[in-house]
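Undergrad: Just so you know, the sequence shown maps onto residues 3 to 264 in this note's numbering.
Glycine included, every Cβ here is placed at the ideal spot set by N, Cα and C.
The structure follows.
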Amino acid sequence: MKKFTPFLWLAVLLAASAYAPFMRGYTARMTAPLPGPLTPPQQEALTGGFQPPSARFLHKVNTRYRARKKDALYPGFEIDILRHPNGNLVVAHDETELPYAVALPDLLAVIKHPEEKTYWLDLKTPLTDEDLRYLQQVAQHFHISPERFMFEAAPGQTAERLKKYGFSLLLQIPDGFDEDGNDPLKRAQLNAQLTESLQKYQPQAVAGSFGKYKYLQAYFPHTRKAIYYSSTKRPSLKKRYLAQEMQKDPTVVIFMLDEYNF
């Protein structure tokens, strides 16, 4: 094995010292405001109610092992909720995870203080009144305030039921919200669609991917946002700097990252 010479060590040190400033500048550009919005921004907040004590959430906490290991590191967990073929709700992202899916109470049972954590529950199935009564019972059993169960849902019956039962709603952003083609008419239609949904459901926040953040920042600057960034599956300074940039925006009440080092 070839030994490092002083010149190689110097090259490594120079590369390392340049990496951090590069990543900081890169992430700053990723979060920079859109140049010249095509329509005036929405001045009303259109969101309110419960706000998570911390915006720091971990993506896909779908196993007891992951929940236990990351318990002390993250104040918020994102959990996927899917309907099992037997009709029960389970913790799983898709059908491939069904063989080792667990019930939500079984996952919450390994968390030291489940009542102190906030949960982004990503729904993969519509919810019935029976489902919501069951989820109320789960929250009561673990002394979790129903507001701390924050359900991501699209406009529709499930969103209406969640509000009825006192749970928090993270309203999904319309498809294509970040694809206006620089067309003012298209932009106005997309903004009007989201405004109508926000006025109807009055959610705690809107939920969307990081790619939609700039558009929300430009056109809905006062609306609370739940943003996820999940493309980096390895340790990276980009994660840290993105989180720092998100912390500068007080309307970002959740910023969720992946962390795949189980």
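What alpha helix (DSSP H) runs, 4 residues minimum, are completely inside the region 21–95?
TA: Those alpha helix (DSSP H) runs which fall completely within the region 21–95 and span 4+ residues are 66–72.
Undergrad: Assuming contact is defined by CB atoms lying nearer than 8 angstroms, are A47 and V255 in contact in what I supplied?
TA: Not in contact: A47 and V255 (Cβ atoms no closer than 8 angstroms).
Undergrad: Specify the secondary structure class of V140 as computed by DSSP and reduced to three states.
TA: Looking at V140 - three-state DSSP - the assignment turns out to be helix.
Undergrad: Does the region 245–252 come close enough to the region 188–206 that 3 or more CB-CB pairs lie under 8 angstroms?
TA: No, because fewer than three Cβ pairs between the region 188–206 and the region 245–252 fall closer than 8 angstroms, the two stretches do not touch.
Undergrad: In whole angstroms, what separates the C-alpha of P116 from that of A69?
TA: Cα to Cα, the separation comes out at about 10 angstroms.
Undergrad: Would you give the residue range spanned by the alpha helix (DSSP H) that Q204 belongs to?
TA: Taken as a continuous stretch (DSSP letters only), Q204 belongs to no alpha helix (DSSP H), as it is neither H nor E.
Undergrad: Enumerate in chain order the residues of its own chain whose CB-to-CB distance from N64 is below 7 angstroms, with the five nearest sequence positions on each side excluded.
TA: Around N64: I81, D82, V93, A94, H95 and E99.
Undergrad: Smallest Cα separation from P252: which of L84, Y231 and R226?
TA: If we check each option's Cα against that of P252, R226 comes out closest.
Undergrad: Work out the CA separation of T33 and E217 for me, nearest whole Å.
TA: A small correction: the amino acid at residue 217 is Tyr; Glu does not occupy that position in the sequence shown. So the two alpha carbons sit approximately 11 angstroms from each other.
Undergrad: Below 8 angstroms between beta carbons: does that hold for E154 and L129?
TA: Not a contact, by the Cβ cut-off of 8 angstroms.
Undergrad: For M25, which option in A141, Q249 and K241 has the closest C-alpha, if you only look at C-alpha atoms?
TA: That would be K241, whose Cα lies nearest to the Cα of M25.
Undergrad: According to DSSP, is A245 helix, strand or coil?
TA: The answer is helix: DSSP assigns A245 an H, G or I state.
Undergrad: What do you reckon, are the CB atoms on P223 and P43 nearer than 8 angstroms?
TA: Yes, Cβ-Cβ distance for P223 and P43 is below 8 angstroms.
Undergrad: Rounded to whole angstroms, what is the Cα-Cα separation between M3 and Y28?
TA: For M3, the predicted structure reports a pLDDT of 47, less than 50, and the residue's modelled location is therefore unreliable. A value from the coordinates is still provided. Their backbone Cα atoms lie some 35 angstroms apart in a straight line.
Undergrad: Between the C-alpha atoms of M152 and Q53, what's the straight-line distance to the nearest angstrom?
TA: About 10 angstroms.
Undergrad: Mark Y102 as exposed unless 16 or more other C-beta atoms lie within 10 angstroms of its C-beta, in which case mark it buried.
TA: By the 10 Å Cβ count, Y102 comes out exposed.
Undergrad: Short of 8 angstroms in beta carbon distance, which residues of its chain neighbour A30, apart from the five on each side in sequence? Order them along the chain.
TA: If we look at A30 and ignore the five residues flanking it on each side, its Cβ neighbours are Y243 and E247.
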